[in-house]
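K.L.:
One structure, pasted below without further comment.
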Amino acid sequence: MESFGTRLHRAMVERGPLCVGIDPHPGLLARWGLADDVQGLDRFTRTVVEALGDRVAVVKPQSAFFERFGSHGVAILESTIRQLRDAGSLVLLDVKRGDIGSTVSAYASAYLDPSSPMYVDAVTASPYLGVGSLAPMFELAAEHGGGVFVLALTSNPEGASVQQARAADGRTVAQTVIDEISQLNRGATPLGSFGLVVGATIGDTGHDLTGVGGPLLAPGLGAQGGGAADLRTVFGASLASVLPSYSREVLSAGPDVATLRAAADRVLADCRAVLPAL
Ligand SMILES: O=c1ccn([C@@H]2O[C@H](COP(=O)(O)O)[C@@H](O)[C@H]2O)c(=O)[nH]1
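Sequential numbering from 1 applies to the sequence shown in the UniProt record's numbering.
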């Protein structure tokens, strides 16, 4: 079975290094002329799948915007995941899960076991109960060709006070996460299956990402103020592993399918101008 890293690398070569998030904010639903209800949610997500599912490397549904509609929203999330997989994009579910290891096992089954209704190619995970507590996710991902993106240096301004605090050995908390994920990817080519989330808004923090060996998901572009040019400052020598991620910047171009596609093409061109060819 092919690893997630191999599948992701191929998707980035064939479709370009771009992840587009599905974040159906109430304001976006209104802007698209849709009601803030499950019907509006369903129409919104179907339009995004139609516009982008067959052309973008990775689509990242944000679970929170589905969960707020309860079981009906979760049913639409499951359906969206299936539609995206059928359309050929990789699905990264942004759920930022993390807990004690025995509970992480259940999260792993929910998202990374192919028999689960919510099975996706990769998930986001939070390391703040210790990177080791995420081991059940790493193991199930490795077994079934899945991936896990662990929060390292997030795009929000509040993140730095925790992530850039120093641990007992003098490294920042983020650097300890970076180092543990690098170990998991050792020897994997062309790309490891275990990624990090590093915001495009954080500037040059001096963290060493060169040994990660896995994908570096870069949110914070567009609506949060980051631009493609910032990728150079944040990622320096690691630019080749960057997967830029945009949500509102692209979604606000809807509901017209052609306009959504044009917005995705535009941000991809901006990123290609900065990132090395794969
Ligand atoms: O550090 C992080 C980690 C995750 N996110 C998520 O990405 C999108 C960003 O949406 P935009 O509309 O492009 O701002 C959203 O789902 C966040 O929860 C992040 O922004 N930063």
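Even glycine gets a Cβ: it sits at the ideal position worked out from N, Cα and C.
Rounded to whole angstroms, what's the CA-CA distance from Val150 to Tyr111? Just pull it up for me.
P.N.:
15 Å
K.L.:
According to DSSP, Ser105 sits in a beta bridge with which residue or residues?
P.N.:
Answer is none; Ser105 lacks a bridge partner.
K.L.:
In the DSSP assignment, the alpha helix (DSSP H) including Pro26 goes from what residue to what residue?
P.N.:
Pro26 to Arg31
K.L.:
Is it a yes or a no for the region 181-188 touching the region 158-168, going by three-plus beta-carbon pairs under 8 Å?
P.N.:
no
K.L.:
Given 8 Å as the limit, is there contact between the region 247-266 and the region 225-236, that is, 3 or more CB pairs closer than that?
P.N.:
Remark: fewer than three beta-carbon pairs, one from each stretch, lie closer than 8 Å, so the region 247-266 and the region 225-236 are not flagged as touching.
K.L.:
Note down, one range per segment and in chain order, each alpha helix (DSSP H) of at least 4 residues found wholly within the region 147-176.
P.N.:
160-163
K.L.:
For Gln39, does the count of other Cβ atoms within 10 angstroms reach 16, so buried, or fall short, so exposed?
P.N.:
exposed
K.L.:
Can you tell me where the beta strand (DSSP E) with Gly245 in it begins and where it stops?
P.N.:
Note on residue identity: the sequence assigns Ser, not Gly, to residue 245. Val242 to Tyr246 is the extent of the beta strand (DSSP E) around Ser245.
K.L.:
Does the contact criterion of 3 or more C-beta pairs under 8 Å hold for the region 118-133 versus the region 88-106?
P.N.:
With a cut-off of 8 Å, the region 88-106 and the region 118-133 count as touching, because enough Cβ pairs lie within range.
K.L.:
Using only the heavy atoms of ligand 1, determine whether one of them is closer than 7 Å to the beta carbon of Gln164.
P.N.:
no
K.L.:
CA-CA distance, Gly170 and Arg55?
P.N.:
44 Å
K.L.:
When we look at the beta-carbon of Ala273 and count the other beta-carbons within 10 Å, is it buried (16 or more) or exposed?
P.N.:
exposed
K.L.:
Compute the beta-carbon to beta-carbon distance between Ala200 and Gly214, rounded to the nearest angstrom, for a pair I have assumed lies under 8 Å.
P.N.:
That belief does not hold up - the Cβ atoms of Ala200 and Gly214 are roughly 17 Å apart, past 8 Å.
K.L.:
Would Lys60 pass as a contact of Asp37 if the rule is Cβ separation under 8 Å?
P.N.:
no
K.L.:
Could you give the DSSP three-state label for Leu41: helix, strand or coil?
P.N.:
helix
K.L.:
Whole angstroms are fine: how far does the CA of Val58 sit from the CA of Ala277?
P.N.:
18 Å
K.L.:
Nearer than 7 Å: is that true of the beta carbon of Tyr246 relative to any heavy atom of ligand 1?
P.N.:
yes
K.L.:
Answer with buried or exposed for Thr45, where buried requires no fewer than 16 other C-beta atoms within 10 angstroms of its C-beta.
P.N.:
buried
K.L.:
Could you check what DSSP says for Arg97 in three-state terms: helix, strand or coil?
P.N.:
For Arg97, the secondary structure class from DSSP, reduced to helix, strand or coil, is strand.
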